[in-house]
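Down below is the structure, laid out as structure tokens.
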Amino acid sequence: MPEIKQLKDPVSRRRFLAVGGSTTAVAAFLAACGDDSGTTTTTDAMKSGGGASETAEFGKGDIGILNYALTLEYLETAFYADVVKSGLFKGADLETIRKFGAEEAEHVEALTAAVKQLGGKPAPEPKAEFPLKNAKSVLELAGTVENLGAAAYLGQAPNIESPEVLASALAIHSVEGRHAAALNTLLGESITPDGAFAKPADVQTVLKSVEPFLVG
Amino acid sequence: MKEQLKTPELAAVEVDVEGGDLSRSDVILKGALAAGAIYGSAMVSPFVRKALAMSESGDVGILNFALTLEYLEAKFYEEAKSRAKAKGELKSLVNLLASDEQQHVEALTATVKKLGGKPVAEPKFNFEYNDTAGFLKLAQTFEDTGVSAYNGAGPMIKSKEVLAAAGGIVQVEARHAAAIRLQNKEEPAPAAFDSPLSEKQVLKAVEPFIV
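Protein chains in written order, with numbering that gives the first Met the number 0: chain A, 0 to 215; chain B, 0 to 210.
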């Protein structure tokens, strides 16, 4: 899948900056990537309550990050619900899909509550349609979605301001990693496609990857 | 340079040597005082309490704590190559896990040095198991504990670069945990949230294996 290739592309973040990065986005990126002046930049960003960020279109600071995550969790939940309804799976595989779907639904609930707690407005559930042709292609799509989800959380973790939000995001992040590895195992693919160190994905890469499934 | 090539994720880490303004532990204390529980007190408060229970030794301390766990896992899988009697798919998995954990050891060691700290010495370990099933049971405990240990330490990490690198490791631990659980015919992701463990809880869990 082309989405996976994009994820593996180590320069995708840099390309994002070259294409669409404002100077503030560049500063935030450098802070997250270890520029020499990173600490000062980071601290300033924290003091100013987040400032411009990759997730600005979803809201300010942590609210934006949570709403971005919420949007992805909505998609995952809808995807698994559709897969369960499709009748393509039975037995143990169906149970695994049900279980993963239920966990994504719990993530939706938790993130919705978190946005409200921070005084924000939870992102609306996106309308989505997924191609459900046969069991193999559905499992492949599930693998793509979960690996992408895990990379998306990893990409945002260092941008999170509140330790509570970070603790929660980390608790979800590793579950997405578990889902991804389980699906990769079912698919006969490597459980650790990035090697010993999982790679993050930036917002633009993630949104571009899920775009084909959005309706309207 | 060789070390850096081996561990590109952590090699990119730049460090705030002067220390600074708003450390994550300060932020956590403030957050806890403000009682800003995200999921209601039932969900996040324990996270914060557990995170606060981490020793206040800064990023070097946290990295050395992680290094101890990675030493344990690396040694465990290295031994398992000859002791676990693994065959076929499991044998490949053991080799993969041994390699990943060894890379984590090297990356954490390099990062501690980079931060001006002294990497902890490798403890001596004793793993008691006699067969593949015994190995798998221990492996599941170690991987699940590792995930929760990193998740507990994450909010205490001050440097965003170190946090990003630790995040890249914990996701791999979670992937290992899922794969080992599948080998044990258990749910790869038993719960929607991987709850954190404090340093104390983790050390208590691994103590029996340190000689």
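Glycine included, C-beta positions come from ideal geometry on N, C-alpha and C.
These numbers come from a predicted model, not from an experiment.
Would you list, in chain order, the members of the region 172-187 of chain A that have their beta-carbon closer than 7 angstroms to a beta-carbon of chain B?
H172, S173, V174, G176, R177, H178, A179, A180, A181 and T184
Based on Cα-Cα distance, which residue from B/E186, B/Q139, B/L107 and B/A73 lies nearest to B/A204?
Translated into the one-based positions of the second sequence, residue 204 of chain B becomes position 205. Residue B/Q139 is the option with its Cα nearest to B/A204.
In chain order, what residues of the same chain lie with their CB nearer than 7 angstroms to the CB of A/A122, ignoring the 5 residues before and after it?
Your numbering for residue 122 of chain A matches position 123 in the first sequence. Counting only Cβ-Cβ distances below 7 angstroms, and skipping sequence neighbours, we find F57, N66, L69 and T70.
Hey, does B/P118 have any beta-carbon neighbour from chain A nearer than 8 angstroms?
In the second sequence, the residue the question calls residue 118 of chain B occupies position 119. Cβ-Cβ to chain A under 8 angstroms: no for B/P118.
Spatial neighbours of B/N150 within its chain, please: C-beta separation below 6 angstroms, excluding the five flanking residues on both sides.
For the purposes of this step, residue 150 of chain B is taken as the residue at position 151 of the second sequence. Closer than 6 angstroms at Cβ, skipping near neighbours: D193 and P195.
Establish whether the CB of A/E53 and some CB of chain B are separated by less than 8 angstroms.
Taking the first residue of the first sequence as 1, we reach residue 53 of chain A at position 54. With 8 angstroms as the cut-off, A/E53 does not count as an interface residue toward chain B.
Hey, does A/E102 have any beta-carbon neighbour from chain B nearer than 8 angstroms?
Residue 102 of chain A sits at position 103 when you count from the first residue of the first sequence. So, interface residue.
Of all Cβ atoms in chain A, is any one closer than 8 angstroms to the Cβ of B/D193?
By 1-based counting over the second sequence, the position of residue 193 of chain B is 194. So, interface residue.
From the DSSP output, in three-state form, read off A/I96 for me.
Residue numbering aside, residue 96 of chain A sits at position 97 when the first sequence is read from its first letter. The answer is helix: DSSP assigns A/I96 an H, G or I state.
Leaving out five residues before and five after A/L153 in sequence, what residues of the same chain have Cβ atoms less than 8 angstroms from its Cβ?
Taking the first residue of the first sequence as 1, we reach residue 153 of chain A at position 154. For A/L153, where only same-chain residues beyond five positions count, the Cβ hits under 8 angstroms are H172, A197, K198, P199 and A200.
Return no unless some Cβ of chain B is closer than 8 angstroms to the Cβ of A/E105.
Within the first sequence, the letter at position 106 stands for residue 105 of chain A. Yes, A/E105 lies at the interface with chain B (some Cβ there is under 8 angstroms from its Cβ).
Outcome for A/A91 when other beta-carbon atoms lying within 10 angstroms are tallied against a minimum of 16
Taking the first residue of the first sequence as position 1, residue 91 of chain A is located at position 92. Looking at its Cβ environment, which holds fewer than 16 other Cβ atoms inside 10 Å, A/A91 is exposed.
Is any beta-carbon of chain B found at less than 8 angstroms from that of A/T204?
Position 205 of the first sequence, counting from 1, holds the residue named residue 204 of chain A. False, the Cβ-Cβ gap to chain B never drops below 8 angstroms.
Under a Cβ-count criterion, where at least 16 other Cβ atoms within 10 Å of its own Cβ denotes burial, should B/G166 be classed as buried or exposed?
For this step, residue 166 of chain B is matched to residue 167 along the second sequence. By the 10 Å Cβ count, B/G166 comes out buried.
At which residues does the alpha helix (DSSP H) containing B/N63 begin and terminate?
If you number the second sequence from 1, residue 63 of chain B lands on position 64. Looking at the DSSP string, the run of the alpha helix (DSSP H) that includes B/N63 is G57 to R82.
Check whether the Cβ of A/L147 lies closer than 8 angstroms to any Cβ atom in chain B.
To locate residue 147 of chain A, count along the first sequence from 1; it is residue 148. No, A/L147 does not count as interfacial toward chain B.
Alpha carbon to alpha carbon, how far is B/E69 from B/F211? Give it in angstroms, no decimals.
This structure cannot speak to residue 211 of chain B, because chain B is shown only from 0 to 210.
Please state the DSSP three-state secondary structure of B/F208.
For the purposes of this step, residue 208 of chain B is taken as the residue at position 209 of the second sequence. B/F208 falls in the helix class under three-state DSSP.
Expressed to the nearest angstrom, what Euclidean distance is found between the alpha-carbon atoms of A/A134 and A/F88?
Within the first sequence, the letter at position 135 stands for residue 134 of chain A. Within the first sequence, the letter at position 89 stands for residue 88 of chain A. Answer to the nearest angstrom: the Cα atoms are 7 angstroms apart.
Alpha carbon to alpha carbon, how far is A/L74 from B/V93?
Here residue 74 of chain A is taken as the residue at index 75 of the first sequence, counted from 1. Here residue 93 of chain B is taken as the residue at index 94 of the second sequence, counted from 1. If you take the alpha carbons of A/L74 and B/V93, they lie about 34 angstroms apart.
Do B/L71 and B/F134 have their C-beta atoms within less than 8 angstroms of each other?
One-based indexing of the second sequence puts residue 71 of chain B at position 72. One-based indexing of the second sequence puts residue 134 of chain B at position 135. No, they are not a contact pair.
Which of helix, strand or coil DSSP assigns to B/G39:
In the second sequence, counting from the first residue as 1, residue 39 of chain B sits at position 40. Here B/G39 scores only 36 on pLDDT, less than 50, and its place in the model should not be relied on; the value that follows carries that caveat. Reduced to three states, the DSSP call for B/G39 is coil.
Note down, in chain order, each residue of its chain lying with its Cβ closer than 7 angstroms to the Cβ of A/V214, except the 5 sequence neighbours on either side.
In the first sequence, counting from the first residue as 1, residue 214 of chain A sits at position 215. Excluding residues within five positions, the ones whose Cβ falls inside 7 angstroms are K126, A127 and E128.
Between the C-alpha atoms of A/T204 and B/K112, what's the straight-line distance to the nearest angstrom?
As a position in the first sequence, residue 204 of chain A is number 205, starting the count at 1. As a position in the second sequence, residue 112 of chain B is number 113, starting the count at 1. Straight-line Cα distance between these residues: approximately 34 angstroms.
If you draw a straight line from the C-alpha of A/T22 to the C-alpha of A/S189, how long is it?
The count along the first sequence starts at 1 and reaches residue 22 of chain A at position 23. The count along the first sequence starts at 1 and reaches residue 189 of chain A at position 190. Here A/T22 scores only 32 on pLDDT, less than 50, and its place in the model should not be relied on; the value that follows carries that caveat. About 38 angstroms.
Output the distance between the C-alpha atoms of B/S81 and B/K74, rounded to the nearest integer angstrom.
For the purposes of this step, residue 81 of chain B is taken as the residue at position 82 of the second sequence. For the purposes of this step, residue 74 of chain B is taken as the residue at position 75 of the second sequence. About 12 angstroms.
Residue-chain proximity (B/K84, chain A), Cβ-Cβ < 8 angstroms:
Taking the first residue of the second sequence as 1, we reach residue 84 of chain B at position 85. Judged by the 8 angstroms Cβ criterion, B/K84 is not in contact with chain A.
In angstroms, rounded to a whole number, what distance separates the CA positions of B/V210 and A/V164?
As a working mapping, residue 210 of chain B is identified with position 211 in the second sequence. As a working mapping, residue 164 of chain A is identified with position 165 in the first sequence. In a straight line, the C-alpha of B/V210 is about 38 angstroms away from that of A/V164.
Taking A/T95 as the reference, which of A/H178, A/A150, A/G118 and A/G194 has the closest Cα?
Within the first sequence, the letter at position 96 stands for residue 95 of chain A. Checked all of A/H178, A/A150, A/G118 and A/G194; the closest Cα to A/T95 is A/H178.
What's the call for B/D58, buried or exposed, on a 16-neighbour Cβ count within 10 Å?
Here residue 58 of chain B is taken as the residue at index 59 of the second sequence, counted from 1. Buried, by the Cβ-count rule.
Can you name the residues of chain B whose CB is closer than 8 angstroms to the CB of A/A122?
To locate residue 122 of chain A, count along the first sequence from 1; it is residue 123. The premise fails here: A/A122 is roughly 16 angstroms from chain B at the closest Cβ pair, so nothing lies under 8 angstroms.
Whole angstroms are fine: how far does the CA of A/V114 sit from the CA of A/R97?
Mapped onto the first sequence, residue 97 of chain A falls at position 98. Mapped onto the first sequence, residue 114 of chain A falls at position 115. Each residue's alpha carbon lies about 26 angstroms from the other.
Run the CB neighbour count on A/G100, radius 10 Å, all protein chains shown included, and call it buried at 16 or more, exposed below.
Indexing the first sequence from 1 puts residue 100 of chain A at position 101. That one is buried.
Have a look at B/V171, B/P154 and B/L89 and flag the residue whose alpha-carbon is nearest the alpha-carbon of B/H103.
As a position in the second sequence, residue 103 of chain B is number 104, starting the count at 1. Comparing Cα positions, the closest option is B/V171.
Looking at the C-beta of B/Q170, does it have a partner C-beta in chain A at a distance below 8 angstroms?
If you number the second sequence from 1, residue 170 of chain B lands on position 171. Cβ-Cβ to chain A under 8 angstroms: yes for B/Q170.
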